[in-house]
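>
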Amino acid sequence: MAEITASMVMKLRGQTDAPMMDCKKALTEAEGDMTRAEEILRVRFGNKASKAAGRIAAEGVVSSYITKDRKFGSLLEVNSETDFCAKNEEFLNFTNEVAKAIVDQKLKTIDSLNEIKIDNITIEELRTQLIGKIGENITPRRFINLSAKGTLYSYIHGSKLGVILDLESGNEELGKDIAMHIAATKPKAIDKNGIDSELIDTERRVAIEKAKEAGKPEEMLSKIADGTVNKFLKEITLLNQSFVKDDKITIETLLKKNNATIHAFHIYIVGDGIEKKEEDFAAEVAAASKG
3 MAEITASMVM
13 KLRGQTDAPM
23 MDCKKALTEA
33 EGDMTRAEEI
43 LRVRFGNKAS
53 KAAGRIAAEG
63 VVSSYITKDR
73 KFGSLLEVNS
83 ETDFCAKNEE
93 FLNFTNEVAK
103 AIVDQKLKTI
113 DSLNEIKIDN
123 ITIEELRTQL
133 IGKIGENITP
143 RRFINLSAKG
153 TLYSYIHGSK
163 LGVILDLESG
173 NEELGKDIAM
183 HIAATKPKAI
193 DKNGIDSELI
203 DTERRVAIEK
213 AKEAGKPEEM
223 LSKIADGTVN
233 KFLKEITLLN
243 QSFVKDDKIT
253 IETLLKKNNA
263 TIHAFHIYIV
273 GDGIEKKEED
283 FAAEVAAASK
293 G
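Going from the sequence shown to this note's numbering is simple: count from 1 and add 2.
1) List the whole-angstrom C-beta distance separating A262 from S171, where the pair is believed to meet the contact cut-off of C-beta under 8 Å.
2) How many Å lie between I65 and N98 at the Cα?
3) Here's the rule: buried if 16 or more other CB atoms are within 10 angstroms of the residue's CB, otherwise exposed. What is D249?
4) In terms of residue numbering, what span does the alpha helix (DSSP H) encompassing E126 cover?
5) Report yes or no: do the stretch 141-155 and the stretch 66-77 share at least 3 C-beta pairs separated by less than 8 Å?
6) Look at the alpha carbon of K212 and the alpha carbon of E79, and state the distance between them as a whole number of angstroms.
7) Write down every uninterrupted run of the alpha helix (DSSP H) in the stretch 167-238 whose length is 4 residues or greater and which is fully enclosed by it, in chain order.
8) For D85, which residues of its own chain have a beta-carbon under 7 Å away from its beta-carbon, when the five flanking residues on both sides are left out?
9) In angstroms with no decimal places, state the Cα-to-Cα distance between I6 and G137.
10) Taking 8 Å as the limit between beta carbons, can you name the residues of its chain near L163, skipping five residues before and five after?
11) Return helix, strand or coil for T84, following the three-state DSSP convention.
12) So, are the CB atoms of K188 and L235 less than 8 Å apart?
13) Mapping the DSSP letters down to three states, classify K27 as helix, strand or coil.
14) Helix, strand or coil for R72? Go by DSSP, reduced to three states.
15) Per DSSP, which residues does N147 bridge with? Please list them.
16) Can you grab the Cα-Cα spacing for the pair E174 / E254, in whole Å?
17) Give me the residue from K233, K190, S199 with the minimum Cα distance to A266.
18) Quick one, are the C-beta atoms of E92 and K135 less than 8 Å apart?
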């Protein structure tokens, strides 16, 4: 029997994107014949989806689609297991098609993706085919389908962070600038009204406890807490933030100068809130070579 080396396994993985252990098994079955092993993996593509479904998908991309009139748009996160998959052209095409379908077919919930078709093939079927071909779990995680009160703008930073913005009046340059600002500063809301009161209460309690530990007098605690909360709100609310391209003005001032209003914004960061598994690629190679 031919010796199956780690370099052979890695080469086959590079040709097929299949998981290491599947590459090892295919090479063993093909007695080291690389071409035959690749054919074996292609035959097995349809079975990979069920195997991949249980694996953590915490990488991926954020994609956006906006109609030509800028009145309807979507922001979508689709997860994969590795950043390598997230750069795959077919994976990127899939996410762009789904982002467009969300708007075209007026979808509202992530579960509704399973019910629609793109070119007479369901999204679930397309997803399963892609999993089979790439060999990784691929999962549309969440989306926003936005109908604008004003005009929609989007900004995608390196495919890992995306923003969609509903801006009344202004112009394209302003829309892009504010969308990029949001991506850079990641505000939690437009203004104080969008911040959960519990979050504000927590900041106040923490500020008071810190002041007590620092030995501040009792009569000063409330004033200190007010200052801390105000600083906190300035940092996390969009209108109060200093504009990243000109820190001498706030976003609120910038909007007033342009007679513009922000109705809504949404920001997605790939994998936000997903517990990621630490991968040891060297250990994976070693495990595959030992079989």
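Note that beta-carbon positions come from the ideal geometry of N, C-alpha and C, so glycine has one too.
Please read all numbers here as calculations on a predicted model, not as lab measurements.
Answer, in terms of the structure:
1) Here residue 262 is taken as the residue at index 260 of the sequence shown, counted from 1. Here residue 171 is taken as the residue at index 169 of the sequence shown, counted from 1. Rounded, the Cβ-Cβ distance is 4 Å, consistent with contact.
2) For the purposes of this step, residue 65 is taken as residue 63 along the sequence shown, with counting starting at 1. For the purposes of this step, residue 98 is taken as residue 96 along the sequence shown, with counting starting at 1. Reading off the sequence shown, one finds Ser at residue 65, where the question assumed Ile. Between S65 and N98, the C-alpha separation is close to 6 Å.
3) Stepping through the sequence shown from its first residue, residue 249 is reached at position 247. Label assigned to D249: exposed.
4) Translated into the one-based positions of the sequence shown, residue 126 becomes position 124. Start and end: 125-136.
5) Output reads yes: the stretch 66-77 touches the stretch 141-155.
6) In the sequence shown, counting from the first residue as 1, residue 212 sits at position 210. In the sequence shown, counting from the first residue as 1, residue 79 sits at position 77. So the alpha carbons of these two residues sit roughly 39 Å apart.
7) Look at the stretch 167-238 and you find these whole runs of alpha helix (DSSP H), each 4 residues long or longer: 174-187, 199-215, 223-238.
8) Locating residue 85 in the sequence shown gives position 83, counting from the first residue. Here the set comprises E61.
9) Indexing the sequence shown from 1 puts residue 6 at position 4. Indexing the sequence shown from 1 puts residue 137 at position 135. The straight-line gap from Cα to Cα measures roughly 21 Å.
10) In the sequence shown, the residue the question calls residue 163 occupies position 161. V64, A185, I269, Y270, I271, V272, listed in sequence order.
11) Working through the sequence shown from its first residue, we reach residue 84 at position 82. Three-state DSSP puts T84 in coil, outside helix and strand.
12) Counted from its first residue, the sequence shown places residue 188 at position 186. Counted from its first residue, the sequence shown places residue 235 at position 233. Contact: no.
13) For the purposes of this step, residue 27 is taken as residue 25 along the sequence shown, with counting starting at 1. Reduced to three states, the DSSP call for K27 is helix.
14) For the purposes of this step, residue 72 is identified with residue 70 of the sequence shown, where counting begins at 1. In this structure, R72 counts as coil in the three-state DSSP scheme.
15) Residue mapping note: residue 147 aligns to position 145 of the sequence shown, counting from 1. The partner list for N147 (beta bridge, DSSP) reads S76.
16) Numbered from its first residue, the sequence shown carries residue 174 at position 172. Numbered from its first residue, the sequence shown carries residue 254 at position 252. Each residue's alpha carbon lies about 17 Å from the other.
17) The residue labelled residue 266 in the question sits at position 264 within the sequence shown. The shortest Cα separation from A266 among K233, K190, S199 belongs to K190.
18) Indexing the sequence shown from 1 puts residue 92 at position 90. Indexing the sequence shown from 1 puts residue 135 at position 133. Judged by beta-carbon spacing, K135 lies within the 8 Å limit of E92, meaning their Cβ atoms are closer than that value.
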